[in-house]
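Visitor:
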Amino acid sequence: MTMPIPTLLTRDLLQVIDLSALEITQLFALATRLKADYSRFAGTLSQRSLVMLFEKPSLRTRVSFELGFQKLGGGVVFLDHQSSPIGARETVEDYAHNLSRWASLVAIRCRSHHLLTRFAAASSVPVINALSDLHHPCQALADIFTLTESGIAPADLHLAWVGDGNNVCISLIETVATLGGKITVVTPPSCRPSAELLRVAQGRSARSGACILCTADLDAITGADAVYTDVWVSMGEESLAAEKTAALTPFRVDRALMERAGSKARFMHCLPAKRGEEVAAEVIDSARSIVFDQAENRMHIQNALMLALLKNDVAAQASPIARTTMQS
Ligand code: CP
Ligand code: NVA
Numbered sequence: 017m018t019m020p021i022p023t024l025l026t027r028d029l030l031q032v033i034d035l036s037a038l039e040i041t042q043l044f045a046l047a048t049r050l051k052a053d054y055s056r057f058a059g060t061l062s063q064r065s066l067v068m069l070f071e072k073p074s075l076r077t078r079v080s081f082e083l084g085f086q087k088l089g090g091g092v093v094f095l096d097h098q099s100s101p102i103g104a105r106e107t108v109e110d111y112a113h114n115l116s117r118w119a120s121l122v123a124i125r126c127r128s129h130h131l132l133t134r135f136a137a138a139s140s141v142p143v144i145n146a147l148s149d150l151h152h153p154c155q156a157l158a159d160i161f162t163l164t165e166s167g168i169a170p171a172d173l174h175l176a177w178v179g180d181g182n183n184v185c186i187s188l189i190e191t192v193a194t195l196g197g198k199i200t201v202v203t204p205p206s207c208r209p210s211a212e213l214l215r216v217a218q219g220r221s222a223r224s225g226a227c228i229l230c231t232a233d234l235d236a237i238t239g240a241d242a243v244y245t246d247v248w249v250s251m252g253e254e255s256l257a258a259e260k261t262a263a264l265t266p267f268r269v270d271r272a273l274m275e276r277a278g279s280k281a282r283f284m285h286c287l288p289a290k291r292g293e294e295v296a297a298e299v300i301d302s303a304r305s306i307v308f309d310q311a312e313n314r315m316h317i318q319n320a321l322m323l324a325l326l327k328n329d330v331a332a333q334a335s336p337i338a339r340t341t342m343q344s
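Residue numbers for the sequence shown follow our numbering, so the first one is 17 and each next one is one higher.
(1) Does LYS290 pass the burial test, meaning 16 or more other C-beta atoms within 10 Å, or should it be called exposed?
(2) So who's on the other strand from VAL295, going by DSSP bridges?
(3) What are the boundary residues of the beta strand (DSSP E) that GLY225 is part of?
(4) Quick check on this structure: which residue in SER116, SER148, ARG127, LEU264 has the alpha carbon closest to the alpha carbon of ALA138?
(5) Taking the alpha-carbon positions, what's the MET17 to PHE57 distance?
(6) Is the beta carbon of SER250 within less than 6 Å of some heavy atom of the ligand NVA?
(7) Less than 7 Å between C-beta atoms, sequence neighbours within five positions excluded: which residues of the same chain meet that for ALA320?
(8) Please identify the residue among VAL122, SER206, LEU188 whose C-alpha is closest to the C-alpha of THR200.
(9) Grab the span of the beta strand (DSSP E) containing LEU66 for me, first residue to last.
(10) Less than 7 Å between the beta carbons of VAL184 and CYS286, yes or no?
(11) Below 8 Å CB to CB, which residues in the same chain sit around TRP393 once its five sequence neighbours on both sides are set aside?
(12) Quick check: ILE249 and ALA226, are their CB atoms within less than 7 Å of each other?
(13) Just tell me which of SER206, LEU214, ILE300 has its CA closest to the CA of GLU259.
(14) Pull up the distance between the alpha-carbon of ILE400 and that of VAL216, whole angstroms please.
(15) Please report how far the alpha carbon of LEU326 lies from the alpha carbon of ALA263, in whole angstroms.
(16) Which of helix, strand or coil does DSSP assign to ARG125?
Shown next as structure tokens:
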């Protein structure tokens, strides 16, 4: 039996909204198959190469992309900001034109989402957002996939975000807006997600029937399937640390807050976490916590995504093994 690889309308994945509900559902199905057994996909991406350009530190994203791509038979080159700063020795566009001549796919972690869109516009190979200041799409896809694994249908999901309305928050909002369900975003007024990006997500939710609620009222998390938080100070926002910490201290996820959510609520965090700041150790280290399931699933959902983005490339020069596996 062959495993269908989704055909995506988008060439790049810069934000979740680039994907339709059907495409996300198909990626989840493929991630499930990959997670169960990689053997039938071994060698599918042989002769393919992933270049990773990272302007910010990473553990999970770097390792899950590198080991994931290798599991599919491809080769990986990692370029960090120290050795190869994007746009320093040459323009962003020249950088993209060069990499397009060697790489099959580029994954970028950058300080400015604007740089990512410039790079993608100049690149002739697919580009994946591995985190920007505005979005973290691979994280959010892995997170909602993780919740579906525990039997929650996206349309029935109630996800509560508590803390800073940051890049991970926006990508989760876009995912729920696309798939349906409810997301309650509880932040102090000064830490609300970008109004412009919220408008885009609201437009998507009008079609899916999703509910996006932004509030400062912690009682709104009652009945949630999961409570999700992230660091108060994201990478690149260090100058805002004092201001954000002051605003967000009442929003720390501790045992009392989890009890407010209810007994079924799981705890989620994209990691890295700061115990004693945004989350109490007794919560993140409790049986309710699914943070390492989220981390593991980064690799499976990213692999599903990379197979889909490279589907046409592999089909064009298909080896017998790749043709059999990629056939849809
Ligand atoms: N969650 C996440 O993206 O982790 P890293 O910053 O370690 O990649
Ligand atoms: N919001 C965090 C996520 C880290 C994975 C950051 O951007 O630093």
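Note that CB positions come from ideal geometry on N, CA and C, so glycine has one too.
Guide: The answer reads as follows:
(1) To locate residue 290, count along the sequence shown from 1; it is residue 274. By the Cβ neighbour-count rule, LYS290 is exposed, with fewer than 16 other Cβ atoms within 10 Å of its own.
(2) Position 279 of the sequence shown, counting from 1, holds the residue named residue 295. In the DSSP output, where bridge partners are listed per residue, VAL295 has VAL269, ARG291.
(3) Counted from its first residue, the sequence shown places residue 225 at position 209. No beta strand (DSSP E) holds GLY225; DSSP gives it neither H nor E.
(4) Position 122 of the sequence shown holds residue 138. The shortest Cα separation from ALA138 among SER116, SER148, ARG127, LEU264 belongs to SER116.
(5) Against the sequence shown, residue 17 aligns to sequence position 1. Against the sequence shown, residue 57 aligns to sequence position 41. Below a pLDDT of 50, predicted positions are generally treated as unreliable, and MET17, at 40, falls in that range; the measurement from the model is reported next regardless. Rounded to whole angstroms, MET17 to PHE57 spans 13 Å at the Cα level.
(6) Locating residue 250 in the sequence shown gives position 234, where the first residue counts as 1. With a cutoff of 6 Å, SER250 counts as near the ligand NVA, since its C-beta is closer than that to a heavy atom of the ligand.
(7) Along the sequence shown, read from residue 1 onward, the residue named residue 320 stands at position 304. Taken in chain order, the residues that qualify are LEU43, LEU46, ALA47, LEU50.
(8) Locating residue 200 in the sequence shown gives position 184, where the first residue counts as 1. Out of VAL122, SER206, LEU188, LEU188 has the C-alpha closest to the C-alpha of THR200.
(9) Counting from 1 along the sequence shown, the entry for residue 66 is found at position 50. Here the beta strand (DSSP E) through LEU66 covers 65-70.
(10) Residue numbering aside, residue 184 sits at position 168 when the sequence shown is read from its first letter. Residue numbering aside, residue 286 sits at position 270 when the sequence shown is read from its first letter. Against a cut-off of 7 Å, the Cβ pair of CYS286 and VAL184 comes out as a contact.
(11) This structure leaves residue 393 out entirely; the chain is present only between 17 and 344.
(12) Your numbering for residue 249 matches position 233 in the sequence shown. Your numbering for residue 226 matches position 210 in the sequence shown. For the sequence presented, residue 249 should be read as Val rather than Ile. No, Cβ-Cβ distance for VAL249 and ALA226 is not below 7 Å.
(13) Mapped onto the sequence shown, residue 259 falls at position 243. Among SER206, LEU214, ILE300, the Cα nearest to that of GLU259 is on SER206.
(14) An answer regarding residue 400 cannot be provided, because it is not within the stretch 17 to 344 covered by the chain.
(15) Residue 326 sits at position 310 when you count from the first residue of the sequence shown. Residue 263 sits at position 247 when you count from the first residue of the sequence shown. Cα-Cα distance, rounded: 43 Å.
(16) Here residue 125 corresponds to residue number 109 of the sequence shown, with the count starting at 1. Residue state, collapsed to three classes: strand.
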